[in-house]
Amino acid sequence: MIGILGKRSIHELVSQIDSSENLDPEVEDILVDIAEDFVDSITTFGCSLAKHRKSTTLEAKDILLHLERNWNITLPGFGGDEIKSYRKPLTNDIHKERLVAIKKSMVATETATKISSGQAAGNAKGNLAKAPANPLAPQI
């Protein structure tokens, strides 16, 4: 395979960041491997997208879609209008009011349930106090 990003290119990139920095040969090899894997990944996925479109031609929009969705990489100047990203629709005021009403109803139901179960427990305690300790014992 022809090197996508050679060691010379890596040296140039590193020298742009810090001219006094030197990389170990092992690091250079790993960076070359990572670059080749990255390019292989995006071309393979781009081809899958082109095939999904029922096309035999790999287009820039296939690569751009993969880069934006999976790598969060945007390339300025390449058909941003063609790729529409999905955005969650904003909830309107009527929907928000309905949600508030539902929450109020749920709170009221929970409160009523707690009160009624509290009263039932109170009634049960009151009935126990009135009942004889031993139901078989003669009542006076």
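For reference, each letter of the sequence shown is one residue, going 1 to 140 in full-length UniProt numbering.
Each residue gets a CB set at the ideal place from its N, CA and C atoms; glycine is no exception.
Bear in mind that the values here come from a model prediction, so they are computed numbers and not experimental data.
Residue of the options minimising C-alpha distance to residue i
| i | options | result |
| --- | --- | --- |
| Cys47 | Val32, Ala60, Asp37 | Ala60 |
| Trp71 | Val39, Ser9, Glu21, Ser105 | Val39 |
Residue i vs residue j beta-carbon contact at 8 Å
| i | j | result |
| --- | --- | --- |
| His66 | Phe45 | yes |
| Ile63 | Ile42 | yes |
| Val32 | Lys54 | no |
Inter-residue CB distance, residue i and residue j (contact presumed, cutoff 8 Å)
| i | j | result |
| --- | --- | --- |
| Ile73 | Ala35 | The Cβ separation is near 14 Å, so there is no contact. |
Exercise for the section: Enumerate, from N- to C-terminal direction, the unbroken alpha helix (DSSP H) stretches of 4 or more residues contained entirely within the segment 1 to 43. Expected result: 7 to 17
Problem - Cβ contact check for the segment 16 to 34 and the segment 52 to 68: 3 or more pairs under 8 Å - result: no
Problem - Within the segment 47 to 121, ranges of the alpha helix (DSSP H) (whole runs, at least 4 residues) - result: 60 to 71
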